Ligand code: SF4
C-alpha cells in the first residue's frame, strides 16, 4: 500500500479509503510533547505527557477533527502541527517537508500556508489595532502587495466573511464575539493559506452564532480548497462539519475514522460515552448505557496499561497491564482497545440516530436561517 511507502510507524489511520501519498498534506509520526513541571521529586523530574506518540495522516481538502475532553492534549497537538510548539520527539511533515528541519526563513513561507484560528476571539485580536490593520498585518509581514493592493484585499476579505467594509476603521472591542471570530477568519485567510487549524473556533460563542461561523468556515473551505483541522470538544459541531475524526484521551488517539462510521459504530468505550453524552432534546429519551466514571487521571501519574481503564466499565485484568495499540477493526476505522471486536456498544448505536438527528437539526435550522439572511450579511447588527 502507498501508506507503507509513507513510512509511518504503526499504521494508524491507514485504513482510510482513498489515502495516497500525494493527497496527504499534513502528517505526524510518533509525535510527542512532554512538559517538565515543578521540582524533581527525589531527583526525578515531573513530566506531563501532553502528546504521547501520535500518528496522523491528513488529506488535502478534508475537514479533520480532533476531539476529546479538556486536557487531553488536542490543543497542544494543534500547536505542534504549526510549529508553534516543537515536539519532544517524532516528526511533523507538511507537504513532504519535515517542518522541524526547516530554517526560520522557510518557516515564514510555511506560516503563509498554515494559519491558525484561535479559540477566544476576545483575546486573540490586538485591541490597539483597527480591524483593517489587523487583517493587513500578515500581508505586510510577508511583503504581499503595496499599500493600495493590501487595502483592497482587506475590503474583499471583510466582505467575504460577512462584515461591512466600513468595519476596517473600527476597533475589535466595537464588535460582538461572532463578528470578532469573523475578523479572525479574515486575518487567517489574508495570505491565501492551504491549511487552517481552528482551535475550538466556536466554543466561546452562543449556539446561534456558532452556526453562522461554522457555515462561513465551510463555505470558505469549498471556495478556496482549504484543508481544515478542527479542534473541538463538542461532538455535535464535529459531526456536522468533519469528514474524519480522531478521538484523543490523555495524549493518545484511541479511535479514528470516517465521521459516519465512527458515530454509527463506536468501538472504544470512551468514544461511545462521548457520543452518548450529546444532549438529546427529547422527553423520555433512554439514558446513556455507557457512563464515564470520574475525572481523567492525573497526567503526571498515568495509569499503567490502557490509560482509560480506571474509568472503563469493560476493563479486564489485561487492560491494567498492557497498553492497547491503535489498529484496524471490523468497522472501517482504527481503535486502541483490547476488546474492540468483542464489545457490543449497541446501546449507543440505538441512540446514535436520535443524537445524529439532534445535531443535524441544530445546524440545519441555522443553515436555513442563513439562506434567509444571505442578502443582509453585510449588516453587522444581525450577528
Ligand atoms: Fe476499556 Fe480495556 Fe478497552 Fe481500555 S482496553 S478501553 S480498559 S476494555
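Numbering (my numbering), first residue to last: 301 to 683. From the three backbone atoms N, C-alpha and C, an ideal C-beta is built for every residue, glycine too. Nothing here was measured: the structure is a model prediction, and the numbers come from that model.
When DSSP states are grouped into helix, strand and coil, residue 634 belongs to the strand group. Residue 542 sits in coil when the DSSP states are folded into three classes, being neither helix nor strand. Look at residue 466 here: in three-state DSSP terms it is helix. Assignment of residue 528 by DSSP, reduced to helix, strand and coil, places it in the strand class.
In the displayed model, residue 407 falls within a helix according to three-state DSSP. Taking a 10 Å sphere around the C-beta of residue 524, we find fewer than 16 other C-beta atoms and assign the residue as exposed.
Residue 335 sits in a strand when the DSSP states are folded into three classes. Judged by DSSP secondary structure, residue 364 falls within the beta strand (DSSP E) whose first and last residues are 363-367. Between the stretch 536-544 and the stretch 358-365, the count of Cβ pairs shorter than 8 Å is three or higher; the stretches touch. Each residue's CA atom was taken as its position, placing residue 505 and residue 480 some 10 Å apart. The three-state secondary structure of residue 609, taken from DSSP, is helix. In this structure, residue 596 has its beta carbon at no less than 7 Å from each heavy atom of the ligand SF4. Pairwise C-beta distances place the stretch 457-469 out of contact with the stretch 494-503, as fewer than three of them are shorter than 8 Å. DSSP places residue 373 in the coil class of the three-state scheme, outside both helix and strand. In the three-state scheme derived from DSSP, where H, G and I count as helix and E and B as strand, residue 569 is classed as helix. With a contact defined as Cβ atoms closer than 8 Å, residue 553 and residue 564 miss out at about 19 Å.
An exposed status is given to residue 469, since fewer than 16 other beta-carbon atoms sit within 10 Å of its beta-carbon.
Closer than 7 Å to some heavy atom of the ligand SF4: that describes the Cβ of residue 637.
Each of 530, 467, 631 and 371 was checked against the Cα of residue 599, and the nearest Cα belongs to 371. In terms of Cβ geometry, residue 389 and residue 355 do not form a close pair [threshold 8 Å].
For residue 438, the uninterrupted alpha helix (DSSP H) run begins and ends at 431-441, by DSSP. Contact check for residue 499 and residue 375: beta-carbon distance about 5 Å, within the 8 Å limit, so the pair qualifies.
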